[in-house]
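Its first residue numbered 0, the sequence shown is counted upward by one per residue in numbering that gives the first Met the number 0.
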Amino acid sequence: MQAAARLYRPHIEVLSTRYDTALDSTGFDAVLIGAGVPVLVHRDDQDYPYRPEPLFLQWAPLAAHPGSALLYRPGRKPLLLVLEPDDFWHQPAPVPPGPWSKALEVRVIRHRDDIAKHLPAGKTRLAVLGAPLQWRGMALPGRLNPKPLLTHLDYERACKTPWEVACIQVATALGLAGHRAVRQAFAAGCSEYEMGLIFLAACGQTDAELPYPAIVAQNRNAATLHYQHRDRQRLPPRERHSLLLDAGCTHRGYASDITRTHAARPGEFAGMVRDMDRAQQRLCGLVRPGVAFPELQLAAQQEIAGLLARWELVRMTPEDMVARRVTDAFLPHGLGHLLGLQVHDVGGGLASRRGGELARPARFPRLRLTRPLTTGMVVTIEPGLYFIDSLLARLRRSPVARRVNWGRVAALRRYGGIRIEDNVLVTPAGHRNLTRELESAA
Numbered sequence: 000m001q002a003a004a005r006l007y008r009p010h011i012e013v014l015s016t017r018y019d020t021a022l023d024s025t026g027f028d029a030v031l032i033g034a035g036v037p038v039l040v041h042r043d044d045q046d047y048p049y050r051p052e053p054l055f056l057q058w059a060p061l062a063a064h065p066g067s068a069l070l071y072r073p074g075r076k077p078l079l080l081v082l083e084p085d086d087f088w089h090q091p092a093p094v095p096p097g098p099w100s101k102a103l104e105v106r107v108i109r110h111r112d113d114i115a116k117h118l119p120a121g122k123t124r125l126a127v128l129g130a131p132l133q134w135r136g137m138a139l140p141g142r143l144n145p146k147p148l149l150t151h152l153d154y155e156r157a158c159k160t161p162w163e164v165a166c167i168q169v170a171t172a173l174g175l176a177g178h179r180a181v182r183q184a185f186a187a188g189c190s191e192y193e194m195g196l197i198f199l200a201a202c203g204q205t206d207a208e209l210p211y212p213a214i215v216a217q218n219r220n221a222a223t224l225h226y227q228h229r230d231r232q233r234l235p236p237r238e239r240h241s242l243l244l245d246a247g248c249t250h251r252g253y254a255s256d257i258t259r260t261h262a263a264r265p266g267e268f269a270g271m272v273r274d275m276d277r278a279q280q281r282l283c284g285l286v287r288p289g290v291a292f293p294e295l296q297l298a299a300q301q302e303i304a305g306l307l308a309r310w311e312l313v314r315m316t317p318e319d320m321v322a323r324r325v326t327d328a329f330l331p332h333g334l335g336h337l338l339g340l341q342v343h344d345v346g347g348g349l350a351s352r353r354g355g356e357l358a359r360p361a362r363f364p365r366l367r368l369t370r371p372l373t374t375g376m377v378v379t380i381e382p383g384l385y386f387i388d389s390l391l392a393r394l395r396r397s398p399v400a401r402r403v404n405w406g407r408v409a410a411l412r413r414y415g416g417i418r419i420e421d422n423v424l425v426t427p428a429g430h431r432n433l434t435r436e437l438e439s440a441a
């Protein structure tokens, strides 16, 4: 990561330029960004796990410093205010060593109200960003979360700096280490609960540090797209059929998002996973600047139709399957999304820095990304094919039901489904598959 550290100062320079333009176009002179604060559980004295404000992390990757803030004024060195309260109940986290100590002016404050002492004097037009809870009770002379400024910044966040890409690469490497460990644990017969713990141990992260709750789904559980439970029961070998693991890690606030599906033994389903992997790689190969993501979604539907025909699940041409929406019953989600400070990163539907939403196609109402692909974007490519009871029931009532090989569907239902997901960087020449690069080098 030493080489990546050299990318941090240029990253700050890019952010400064973006913020200069954003502040000027929205009528502000300075911006104060809060790190966020813990949120209390209702009628309790315990907090929910703390999640830092992404805009704060983009400047200062301090994930364990709630109540801190960053002040940016054009032409001035960004000021990082690190809250380290005098607290004998909890141990404040030290500021981790890194290049930010030189690129930013760092000051330690002891109380949340000290933030106001560092704000610019006079009639400065100040924007205040972050969770309103952090600013509650503070008399700050600024406008809270102005939408035009947030929209401008969200639009820019879609394209990553080299520093951000390097952070995503490290997060991807960590996630792959977890995936390798879980694959071995699955082969050894571990439960979903045990595999979840093994993933954390292999990555060196806690549940709260993950960008999203890991999906550890055996057998039929893989048919629930965001399966959230962890069965503690080990299954007998004859009852173990498949594992879908959708899990990533974070590094300096940036996320990875990786999915792999495994068969419990050689045979038909293992071959289906290989077929899906080849289809997924073909879709990754379509990523390049200027491509509209809805076009990739249509390509994904066509790939799924080809698999349905190859596996003799539907007796129609692939073209007819897509046209008559048979594929929707097997692939009900979008092909992917932007990836960055948030696992579903912002800005994917914005028409411009000034706002406006790009309409989602009527055929694909769940798409999280409708912008044309641009150099610097990091996207997920995650086709899937599932045997979801509610969607299959709807298909069974449709005019094309007689074209479906329901006996084959019933035989495959126990596997739940297949999803394969990589993190892909859009480059001027096309793309780089960050996940496969690291996977092949391991």
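Where a beta carbon is used, it is the ideal one built from N, C-alpha and C, also for glycine.
Rounded separation between residue i and residue j - CA only
i      : j      : result
Cys283 : Asn432 : 8 Å
His110 : Leu22  : 28 Å
Leu330 : Cys248 : 25 Å
Ala263 : Val181 : 13 Å
Asn404 : Leu243 : 24 Å
Gly348 : Arg370 : 6 Å
Gly354 : Pro147 : 7 Å
Phe386 : Phe185 : 21 Å
Ala410 : His225 : 23 Å
Cys189 : Leu175 : 19 Å
Ala170 : Thr434 : 10 Å
Thr326 : Ala304 : 6 Å
Glu155 : Gln301 : 32 Å
Gly346 : Pro53  : 13 Å
CB-CB length for residue i against residue j, believed under 8 Å
i      : j      : result
Val30  : Tyr71  : 5 Å
Ile167 : Leu368 : Actually they are not in contact, since the Cβ atoms of Ile167 and Leu368 sit about 16 Å apart, beyond 8 Å.
Arg418 : Gly383 : 4 Å
Gly195 : Arg229 : 5 Å
Leu118 : Leu125 : 7 Å
Glu420 : Glu356 : In fact, because the Cβ distance is near 25 Å, the residues do not count as touching under 8 Å.
Gly457 : Ala246 : No statement about residue 457 is possible, as the shown extent of the chain runs from 0 to 441 and does not include it.
Pro288 : Leu424 : Incorrect: roughly 11 Å between the Cβ atoms, too far for contact.
Of the listed residues the options, nearest to residue i (C-alpha basis)
i      : options                        : result
Gly452 : Asp85, Tyr226, Pro9, Ala34     : Coverage of the chain is limited to positions 0 through 441, which leaves residue 452 absent and any answer about it impossible.
Ala361 : Gly339, Leu338, Arg324, Lys122 : Arg324
Pro77  : Trp58, His225, Arg111          : Trp58
Pro364 : Leu334, Gly339, Gly26, Ala130  : Leu334
Leu139 : Ala207, Gly121, Arg401         : Gly121
His336 : Val321, Ala298, Pro293         : Pro293
Leu61  : Pro84, Gln280, Gly252          : Gly252
Arg314 : Arg396, Val321, Thr379, Arg402 : Arg402
Asp153 : Ala187, Phe55, Ala207          : Phe55
Strand pairing of residue i, partner residues [DSSP]
i      : result
His64  : DSSP lists no partner for His64.
Tyr253 : His250
Gly456 : Residue coverage of the chain in this structure runs from 0 to 441, which leaves residue 456 outside it and unanswerable.
Met376 : Cys158
Tyr71  : Val30
Glu356 : Leu349
Pro371 : Ala291
Boundaries (first-last residue) of the beta strand (DSSP E) holding residue i
i      : result
Asp421 : 421-426
Arg142 : 141-143
Ile387 : Neither: Ile387 is in no beta strand (DSSP E) and is coded neither H nor E.
His430 : 429-432
Arg106 : 104-108
Val127 : 125-128
Val81  : 78-82
Ala216 : 214-217
Start and end residues, alpha helix (DSSP H) containing residue i
i      : result
Trp295 : It should be noted that the sequence gives Leu, not Trp, for residue 295. From DSSP, the alpha helix (DSSP H) with Leu295 extends over 292-309.
Ala278 : 267-283
Tyr7   : 7-25
Thr134 : Per the sequence shown, the amino acid found at residue 134 is Trp instead of Thr. Note, Trp134: alpha helix (DSSP H), 131-134.
Pro317 : 317-322
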